[in-house]
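Peer 1:
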Amino acid sequence: MTTKRLSVPLLALLLVAIAFTGAPRADEGFWPYSSIPKAAIKAKYGFEITDAWLNHLQLATVRFGGGTGSIVSPNGLVLTNHHIALGSLQRLSTADKDLVKNGFYAPAYADELKVAGLSLSVLQSIEDVTAKVNAGIASTMTAKDAAAARQKNIQGIQGEPQTGTLKQVVALYAGAIYNLYTYKVYTDVRLVFGPEYQTGFFGGDTDNFTYPRYCLDVGMFRLYENDKPAQTPTYLHFSPAGSKDNELVFTTGHPGSTQRLNTLAHFKYRRDVALPFTIANNEMREAAVKKWMALSAENARQATSELFGIQNSLKSQRGQLKGLQSAALMAQKEASEKRLRAELAKNAAKQAELGDAWDTIEKSLDVARKLDAERNFVANAAGLNSTLFQMARQIGASITAVHVMPVLHMFTYEPGVTEAVHAQVKKEREQHAQKYLELVGQRAAAAGVTCHAVLVTSDYPYEAIVTTARERECDLIAMASHGRRGVKGLLLGSETQRVLTHSAIPVLVYRNGASPAGIHASFLS
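Here this note's numbering is used: the first residue of the sequence shown is 1, the next is one more, and so on.
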């Protein structure tokens, strides 16, 4: 059976029509639900798309974080890919019960497992709010002021958060159009089914960019409301007969992005700079994760999902790079761009308005080439490797870096020795701590984040951390999960655990390598 694809994206939603005729190739089209070219599809394929049909498809489509699912029963059953369910299988696994390796199936509602932190959304409506977003924007405004005014309007349109509802203003066509998407959000989501890892990824290949596929790439969840399976009268029905030759098939989903309309200069930049760096970075991460997984079976179990994500990205990125290294593809893009520029030149007004666009883009990319090494090291944290800095920069927060130095207790029977040695050791420890805090400050400054350094001496580090966070009115405490292990951990306990127990402020615990002597924490405020 041969296939021909008509891709029809819907912003974050994707509509793909597949006709089983001719050689496999992609037809044009990435469209939102609100602007499907119904007449063109009817003229080409003889299929009439009605508003009722589109609404049914929209209400049966579920948005995962980074993926798509479909409602396939009147009782909230959601069908998705195994690689979308993999993170939930990993989260629900333990050292004694590995759901990733062995799979999971709930024969009854009572057996379904709630996935903490997972919420799924169903698009209810789309509204054009372009005029509202641009209200009050004057041509005399600077780009910065105009952007701030639009953002203020967007916040007003979205309103305050509502339980069970998400309102999101989406920019289309680089801000030419703004749509308000309103979603129904389900926060009680339970795992129903996921096959064994080797069945979901037959042969061990992270192949969700490869077709045909030879694996059971499927996962199932259920939506719940008020602790009961959600009533979902709008759902997609299974077809026992399946698809046939020359039959038109539509798929709906939440796609990523496309560089289809990038210029030739963009293509060259991605080929020569962006993709090689990204691939090298992910290869380094892959090697590090594999090395960590090789240390123990438990490490391997915990990192299965992370390794898949890295390898999955690498497969896509290597494929993109291979495509861009094709001389035929680049020649095709260059010829296409010349034709477009020639057509533009026939219209004097449009030529005056848009004729320099390609040159402007090429010049900006030349600047990007010169800045990329520094930008990747600092802004993308490739050199600093600090998620905390990225979080702080994104939300406009400052960081308070705290180093707690234990009180130095020394005893001796020789008079006069204690004070001298004590003073020298204390001085050296303080210098070491200050250097550590200076390094944190330098890295924060390089990442564009305001950082306040605090050195505290205490026999009870957790008390010092909690007190400092409270006194400085911090909103979040971030601490590494390393600390005392084995017998020491059993007898003395973990400072991170004590902070979790005694803090009234939220605590973010993350994995990290060994730190200098002393206990440290960072606060966001």
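The beta carbon of each residue, even a glycine, is placed where N, CA and C say it ideally should be. Please read these numbers as outputs of a predicted model, since none were measured by experiment.
For residue 509, does the three-state DSSP call read helix, strand or coil?
Peer 2: Your numbering for residue 509 matches position 509 in the sequence shown. DSSP places residue 509 in strand when its eight states are reduced to three.
Peer 1: With residue 87 as the anchor, note down where its alpha helix (DSSP H) starts and where it stops.
Peer 2: The residue given as residue 87 occupies position 87 in the sequence shown. Element bounds for residue 87: 82-92.
Peer 1: With three or more beta-carbon pairs closer than 8 Å as the criterion, would you say the stretch 268-282 touches the stretch 74-90?
Peer 2: Contact check between the stretch 268-282 and the stretch 74-90: fewer than three CB pairs, one atom from each, fall below 8 Å, which does not count as touching.
Peer 1: With DSSP as the reference, please indicate the residues paired to residue 215 in a beta bridge.
Peer 2: By one-based count along the sequence shown, residue 215 stands at place 215. Answer is none; residue 215 lacks a bridge partner.
Peer 1: So what's residue 268 in DSSP terms, helix, strand or just coil?
Peer 2: Translated into positions along the sequence shown, residue 268 becomes position 268. It is helical.
Peer 1: Does the separation of the CB atoms of residue 365 and residue 355 fall below 8 Å?
Peer 2: Translated into positions along the sequence shown, residue 365 becomes position 365. Translated into positions along the sequence shown, residue 355 becomes position 355. Contact: no.
Peer 1: Please report the Cβ distance between residue 361 and residue 266, rounded to the nearest whole angstrom; I am assuming they are in contact, meaning their Cβ atoms lie under 8 Å.
Peer 2: Numbered from its first residue, the sequence shown carries residue 361 at position 361. Numbered from its first residue, the sequence shown carries residue 266 at position 266. Going by Cβ atoms, the distance from residue 361 to residue 266 rounds to 7 Å, so yes, they are a contact pair.
Peer 1: According to DSSP, simplified to helix, strand and coil, what is residue 222?
Peer 2: Mapped onto the sequence shown, residue 222 falls at position 222. Strand.
Peer 1: Are residue 109 and residue 229 close, meaning C-beta to C-beta below 8 Å?
Peer 2: Numbered from its first residue, the sequence shown carries residue 109 at position 109. Numbered from its first residue, the sequence shown carries residue 229 at position 229. Yes, the pair counts as a contact, with Cβ atoms nearer than the cut-off.
Peer 1: What's the C-alpha gap between residue 352 and residue 243?
Peer 2: Here residue 352 corresponds to residue number 352 of the sequence shown, with the count starting at 1. Here residue 243 corresponds to residue number 243 of the sequence shown, with the count starting at 1. Each residue's Cα considered, the two are about 51 Å apart.
Peer 1: Quickly, what does DSSP pair residue 405 with across the bridge? List them, please.
Peer 2: In the sequence shown, counting from the first residue as 1, residue 405 sits at position 405. The partner list for residue 405 (beta bridge, DSSP) reads 457.
Peer 1: With distances taken Cα to Cα, identify the nearest neighbour of residue 312 among 321, 83, 198, 100.
Peer 2: Taking the first residue of the sequence shown as 1, we reach residue 312 at position 312. It is 83.
Peer 1: Would you identify the three-state DSSP class for residue 181, choosing helix, strand or coil?
Peer 2: In the sequence shown, residue 181 corresponds to position 181, counting from 1. Three-state result, residue 181: strand.
Peer 1: Would you identify the three-state DSSP class for residue 76, choosing helix, strand or coil?
Peer 2: Walking along the sequence shown from the start, residue 76 turns up at place 76. Residue state for residue 76 is assigned as coil, using DSSP reduced to three classes.
Peer 1: When you compare only the Cα positions, how much space is there between residue 340 and residue 324?
Peer 2: For the purposes of this step, residue 340 is identified with residue 340 of the sequence shown, where counting begins at 1. For the purposes of this step, residue 324 is identified with residue 324 of the sequence shown, where counting begins at 1. Roughly 20 Å separates the two Cα atoms.
Peer 1: What did DSSP end up calling residue 470 once you bin it into helix, strand or coil?
Peer 2: One-based indexing of the sequence shown puts residue 470 at position 470. Helix.
Peer 1: Could you say which of 444, 170, 401 lies nearest to residue 34 if we only look at CA atoms?
Peer 2: By 1-based counting over the sequence shown, the position of residue 34 is 34. Among 444, 170, 401, the Cα nearest to that of residue 34 belongs to 170.
Peer 1: Quick one: using the 10 Å Cβ neighbour count with 16 as the cut-off for buried, is residue 191 buried or exposed?
Peer 2: Along the sequence shown, read from residue 1 onward, the residue named residue 191 stands at position 191. Burial call: buried.
Peer 1: For a quick check, are the C-beta atoms of residue 449 and residue 468 less than 8 Å apart?
Peer 2: Walking along the sequence shown from the start, residue 449 turns up at place 449. Walking along the sequence shown from the start, residue 468 turns up at place 468. Taking 8 Å as the Cβ cut-off, residue 449 and residue 468 do not qualify as a contacting pair.
Peer 1: Since residue 334 is in the alpha helix (DSSP H), which residue starts that stretch and which ends it?
Peer 2: Position 334 of the sequence shown, counted from the first residue, corresponds to residue 334. Run containing residue 334: 327-345, per the alpha helix (DSSP H) assignment.
Peer 1: Give the C-beta separation of residue 166 and residue 185 to the nearest angstrom, bearing in mind that I take them to be a contact with Cβ-Cβ under 8 Å.
Peer 2: Counted from its first residue, the sequence shown places residue 166 at position 166. Counted from its first residue, the sequence shown places residue 185 at position 185. Taking 8 Å as the upper bound for CB-CB distance, residue 166 and residue 185 are in contact here, some 5 Å apart.
Peer 1: Note down, one range per segment and in chain order, each alpha helix (DSSP H) of at least 4 residues found wholly within the stretch 141-202.
Peer 2: 143-158, 197-200
Peer 1: Taking buried to mean at least 16 other C-beta atoms within 10 Å of its own C-beta, is residue 193 buried or exposed?
Peer 2: Residue numbering aside, residue 193 sits at position 193 when the sequence shown is read from its first letter. Under this definition residue 193 is a buried residue.
Peer 1: In the DSSP assignment, find the unbroken beta strand (DSSP E) run with residue 63 in it and report its ends.
Peer 2: Numbered from 1 along the sequence shown, position 63 holds the residue referred to as residue 63. Element bounds for residue 63: 61-64.
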